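Scroll down for the structure; my scribbles are underneath it.
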Amino acid sequence: MLAYALLAVTTAAEARTAAPDGLIALTCNEIRRLLVVHVIEPARRITDRDAWSTWRRRHQYRAKVSYYQHQRP
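The numbering of the sequence shown is full-length UniProt numbering, which starts it at 1 and goes up by one.
What follows is the structure, given as structure tokens:
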């Protein structure tokens, strides 16, 4: 529970800052995944993990924009 509380606080702090253009804000699940790959699985290159996170968040942003565009009457 303590770990989840830490993730929730981190997500809330992240939500106060604007996400870079073309990316959604970091979610609890994304922060958890980044912590796991940076701390528990350090054998892989950091740039690979960060690139995956950026790609995934950009893809989610495009999906969100597309969804709202199709909702317009």
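Even for Gly, the Cβ is constructed at its ideal location relative to N, Cα and C.
Small disclaimer: the values here were computed from a predicted structure and weren't measured.
Rounded to whole angstroms, residue 21 and residue 64 show a C-alpha spacing of 13 angstroms. Excluding its 5 nearest sequence neighbours in each direction, residue 37 has C-beta neighbours in its own chain below 6 angstroms: 49, listed in chain order. Distance from the CA of residue 33 to the CA of residue 71, rounded to the nearest whole angstrom, comes to 31 angstroms.
Sixteen is the threshold: since fewer than 16 other Cβ atoms of the shown chains lie within 10 Å of the Cβ of residue 62, the residue is exposed. Per DSSP, reduced to three states, the secondary structure at residue 31 is helical.
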